[in-house]
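**Q** Let me give you the structure first, and then I'll get to my questions.
Chains as they are written, first to last, in my numbering: chain C, 414 to 670; chain E, 414 to 670.
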């Protein structure tokens, strides 16, 4: 088989597996566990992983699902990873974009092609237009969009919340869920909007923004009335479940360029 | 007496009263209560307030302490406020800067001069340099400062938290305390830095950023190691108490231009 999925947490790895045969690789110490993996790897033993992927005939890879930053256990490093370590440790201290660019470069240097989830499952990508419901808080969406555009060059801000002309949340390292929980706790019942977009420099192959039905439930719990996505740049995991959650929670969903 | 303090919550109104005789005005329905006020006013009866201030010989005003956005009870409006109402309600839906600019313009149109807390108490303003301790996480401070600079034109972001090159918090409507509590809950023990600065368009006469000893305690609780202020643009309420809190909580404090 020519494909492998480097799988993190969440629904995406499973949805990608539905696209056709692929080797499922899971990393120890990452959320999502290692159950059902074809290969269990360690970040400290990349040399071994590269060899195993080649032995299985893998030529293209997709990094899919949430992963977290970890340290490196020096006691178990293989030679290849030891060479890469200074680079990797420096990248761990930078923004998500910089870290992922480095990881992509390492796999590409080994001859693997990196594919995005949207390459294997284009049907998961949010298309432009109304996705559920019609009412759109245009002013608040535009305000949040402008704030995200200003932050883009600083490698921060993949989502923001605005209500009645005010900013109520700007996503930081902790992610969209943490921001929504903050809004729920500190500004309940605002009726505002979540805007979620890719950052300008974001590599969609490895770090495409995504929402799932649990995101919609959190948006409703935060007292928001709508979600605006960047068309072509955000995954729905999966589209039917997300739309059903919008209906259940009375949340409007749409996408703009 | 020629001075009046339109007092909100916190220590600032009391610190201003120490600067010399001033009429203490408190608004009903605002945090801080109305105890000890010379005049208790209502936002719906500005005509009455203007008349009372003139009767007391007030020529200059300082708006001091935290206030919150409120609605207007139409049943008790006086004629002057009724005329201003469309304007005031439109301003309530905008950012802090726009709202305060409008309020300042209304008082100035009535012939009152608006003074800043720093005019009456220049000794409360953070000077450039080390204020407590020496260790400064320069990289993180620079990162947070760049993010705030990018947000300035969007009338959001008076404070931000960075640690190890990552953004952990960006202040929104809920304020610095809520952001620090968010960081404490979602990214404990980071050792990062709080940067607090005025927004580019911010009118320091009515909305000067401020920290007090309780801010320092919150910074420590959020697992941060330092606070960087904008010299000349942030009030210490009051300087001795803030420095004592820094010593008690092992927090470094400094100010840069």
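Just so you know, even glycine gets a beta-carbon here, dropped at the ideal spot from N, CA and C. Bear in mind the structure is a predicted one, so any value in this text is a computation, not a measurement.
Which chain E residues are close to residue 582(C), counting only those with a beta carbon under 8 Å from its beta carbon?
**A** For the purposes of this step, residue 582(C) is identified with residue 169 of the first chain, where counting begins at 1. Under the 8 Å cutoff, chain E gives 585.
**Q** Rounded to the nearest angstrom, how far is the Cβ of residue 580(C) from that of residue 556(C), given a contact under 8 Å?
**A** Taking the first residue of the first chain as 1, we reach residue 580(C) at position 167. Taking the first residue of the first chain as 1, we reach residue 556(C) at position 143. Sure, about 7 Å apart at Cβ, within 8 Å.
**Q** Span of the beta strand (DSSP E) holding residue 576(C)?
**A** Numbered from 1 along the first chain, position 163 holds the residue referred to as residue 576(C). First-last of the beta strand (DSSP E) with residue 576(C): 572-576.
**Q** Going along chain E in order, which residues have a C-beta closer than 7 Å to the C-beta of residue 545(C)?
**A** Counting from one through the first chain, the residue named residue 545(C) turns up at place 132. The contacting residues do not exist; residue 545(C) stays about 26 Å from chain E at best.
**Q** Kindly say whether residue 564(E), judged by its beta-carbon, lies nearer than 8 Å to any beta-carbon of chain C.
**A** Taking the second chain and counting its residues from 1, one reaches residue 564(E) at position 151. Judged by the 8 Å Cβ criterion, residue 564(E) is in contact with chain C.
**Q** So, residue 417(C) versus residue 456(C), is the Cβ gap smaller than 8 Å?
**A** Sequence index remark: in the first chain, residue 417(C) carries index 4 (1-based). Sequence index remark: in the first chain, residue 456(C) carries index 43 (1-based). Not closer than 8 Å, so no.
**Q** Whose Cβ in chain C lies nearer than 8 Å to the Cβ of residue 600(E)?
**A** As a position in the second chain, residue 600(E) is number 187, starting the count at 1. Going along chain C in sequence order, the residues near residue 600(E) (Cβ under 8 Å) are 586, 587.
**Q** State the Cα-Cα distance for the pair residue 480(C) and residue 605(E), rounded to the nearest angstrom.
**A** For the purposes of this step, residue 480(C) is identified with residue 67 of the first chain, where counting begins at 1. For the purposes of this step, residue 605(E) is identified with residue 192 of the second chain, where counting begins at 1. Cα-Cα distance, rounded: 23 Å.
**Q** So, helix, strand or coil for residue 437(E), using DSSP?
**A** Along the second chain, one-based indexing puts residue 437(E) at 24. In the structure shown, residue 437(E) sits in a strand (DSSP, three-state: E or B).
**Q** Should residue 529(E) and residue 617(E) be called a contact, given that it needs their Cβ atoms to be closer than 8 Å?
**A** Position 116 of the second chain, counted from the start, is the residue given in the question as residue 529(E). Position 204 of the second chain, counted from the start, is the residue given in the question as residue 617(E). Yes, the Cβ-Cβ distance between residue 529(E) and residue 617(E) is below 8 Å.
**Q** In chain C, which residues lie less than 9 Å from residue 636(E) when you measure between Cβ atoms?
**A** One-based indexing of the second chain puts residue 636(E) at position 223. The premise fails here: residue 636(E) is roughly 13 Å from chain C at the closest Cβ pair, so nothing lies under 9 Å.
**Q** Round the Cβ separation of residue 551(C) and residue 665(C) to the nearest angstrom and send it over; I've been treating them as touching at under 8 Å.
**A** The residue labelled residue 551(C) in the question sits at position 138 within the first chain. The residue labelled residue 665(C) in the question sits at position 252 within the first chain. That belief does not hold up - the Cβ atoms of residue 551(C) and residue 665(C) are roughly 11 Å apart, past 8 Å.
**Q** Do the stretch 446-453 of chain C and the stretch 428-437 of chain C touch if we need at least three Cβ pairs shorter than 8 Å?
**A** Touching, per the Cβ criterion.
**Q** Just list the residues that DSSP pairs residue 665(C) with in beta bridges.
**A** Looking up residue 665(C) in the first chain gives position 252. Partner(s): 639(C).
**Q** I want to see whether chain E comes within less than 8 Å of residue 572(C), judged by CB atoms only; does it?
**A** Translated into the one-based positions of the first chain, residue 572(C) becomes position 159. No, its Cβ sits nowhere closer than 8 Å to a Cβ of chain E.
**Q** Kindly say whether residue 525(C), judged by its beta-carbon, lies nearer than 8 Å to any beta-carbon of chain E.
**A** For the purposes of this step, residue 525(C) is identified with residue 112 of the first chain, where counting begins at 1. Not an interface residue.
**Q** Check residue 532(E) in the structure and name its three-state DSSP category.
**A** By one-based count along the second chain, residue 532(E) stands at place 119. Three-state result, residue 532(E): helix.
**Q** Taking Cβ to Cβ, would you say residue 647(C) is nearer than 8 Å to residue 630(C)?
**A** Position 234 of the first chain, counted from the start, is the residue given in the question as residue 647(C). Position 217 of the first chain, counted from the start, is the residue given in the question as residue 630(C). Cβ distance not < 8 Å, so residue 647(C) and residue 630(C) don't count as in contact.
**Q** Could you tell me which chain C residues have their CB closer than 7 Å to the CB of residue 567(E), listed as they occur along the chain?
**A** Numbered from 1 along the second chain, position 154 holds the residue referred to as residue 567(E). Result: 559, 560, 563.
**Q** Is it true that the CB of residue 609(E) sits closer than 8 Å to the CB of residue 642(E)?
**A** On the second chain, position 229 is the one that residue 642(E) refers to. On the second chain, position 196 is the one that residue 609(E) refers to. Cβ atoms of residue 642(E) and residue 609(E): closer than 8 Å.
**Q** Give the range of the alpha helix (DSSP H) segment to which residue 466(E) is assigned.
**A** Taking the second chain and counting its residues from 1, the one referred to as residue 466(E) is at position 53. Segment 459-468, the alpha helix (DSSP H) holding residue 466(E).
**Q** Go through its chain and collect everything with a Cβ distance to residue 572(E)'s Cβ below 7 Å, but skip five positions before and after it.
**A** To locate residue 572(E), count along the second chain from 1; it is residue 159. For residue 572(E), where only same-chain residues beyond five positions count, the Cβ hits under 7 Å are 584, 589, 592, 607, 608, 609.
**Q** Give me the Cβ distance between residue 644(E) and residue 668(E), rounded to the nearest whole Å; I'm assuming they're in contact under 8 Å.
**A** By one-based count along the second chain, residue 644(E) stands at place 231. By one-based count along the second chain, residue 668(E) stands at place 255. 4 Å between Cβ atoms; contact.
**Q** Do you know offhand how far residue 634(E)'s Cα is from residue 484(C)'s?
**A** In the second chain, the residue the question calls residue 634(E) occupies position 221. In the first chain, the residue the question calls residue 484(C) occupies position 71. The straight-line gap from Cα to Cα measures roughly 25 Å.
**Q** On the DSSP bridge list, what partners appear for residue 475(E)?
**A** Indexing the second chain from 1 puts residue 475(E) at position 62. 418(E).
**Q** Per DSSP, residue 609(C) forms a beta bridge with which residues?
**A** The residue labelled residue 609(C) in the question sits at position 196 within the first chain. Answer by DSSP bridge pairing, in chain order: 572(C), 642(C).
**Q** For residue 506(C), go through chain E and note every residue whose CB falls closer than 7 Å to its CB, in chain order.
**A** Along the first chain, one-based indexing puts residue 506(C) at 93. Those within 7 Å of residue 506(C) in chain E are 577, 578.
**Q** The beta strand (DSSP E) that contains residue 497(E), what's its start and end?
**A** Within the second chain, residue 497(E) is the residue found at index 84, counting from 1. That residue, residue 497(E), is in no beta strand (DSSP E); its alpha helix (DSSP H) goes 492-505.
**Q** Could you tell me the boundaries of the alpha helix (DSSP H) in which residue 480(E) lies?
**A** The sequence position of residue 480(E) within the second chain is 67, counting from 1. Unbroken run through residue 480(E): none, as it is neither H nor E.
**Q** 8 Å is my cut-off, CB to CB: does residue 485(C) come that close to chain E?
**A** Residue numbering aside, residue 485(C) sits at position 72 when the first chain is read from its first letter. It does not; no Cβ of chain E falls within 8 Å.
**Q** Leaving out five residues on either side along the sequence, give the residues of the same chain with a beta carbon under 6 Å from the beta carbon of residue 472(E).
**A** Taking the first residue of the second chain as 1, we reach residue 472(E) at position 59. Around residue 472(E): 415.
**Q** In angstroms with no decimal places, state the Cα-to-Cα distance between residue 486(E) and residue 502(C).
**A** Within the second chain, residue 486(E) is the residue found at index 73, counting from 1. Within the first chain, residue 502(C) is the residue found at index 89, counting from 1. Rounded to whole angstroms, residue 486(E) to residue 502(C) spans 59 Å at the Cα level.
**Q** Note down, in chain order, all residues in the stretch 591-616 of chain C with a beta-carbon under 9 Å from any beta-carbon belonging to chain E.
**A** For the stretch 591-616 of chain C, which is checked against every Cβ of chain E, the residues closer than 9 Å are 591, 592, 594, 595, 596, 598, 599, 600.
**Q** Just to confirm the assignment, what range does the alpha helix (DSSP H) spanning residue 543(C) have?
**A** Translated into positions along the first chain, residue 543(C) becomes position 130. Per DSSP, residue 543(C) belongs to no alpha helix (DSSP H); it is in the beta strand (DSSP E), 542-545.
**Q** State the start and end residues of the unbroken alpha helix (DSSP H) segment that holds residue 592(E).
**A** By one-based count along the second chain, residue 592(E) stands at place 179. First-last of the alpha helix (DSSP H) with residue 592(E): 589-599.
**Q** Where residue 513(C) and residue 620(C) are concerned, what is the direct C-alpha to C-alpha distance, given to the nearest angstrom?
**A** Position 100 of the first chain, counting from 1, holds the residue named residue 513(C). Position 207 of the first chain, counting from 1, holds the residue named residue 620(C). About 8 Å.
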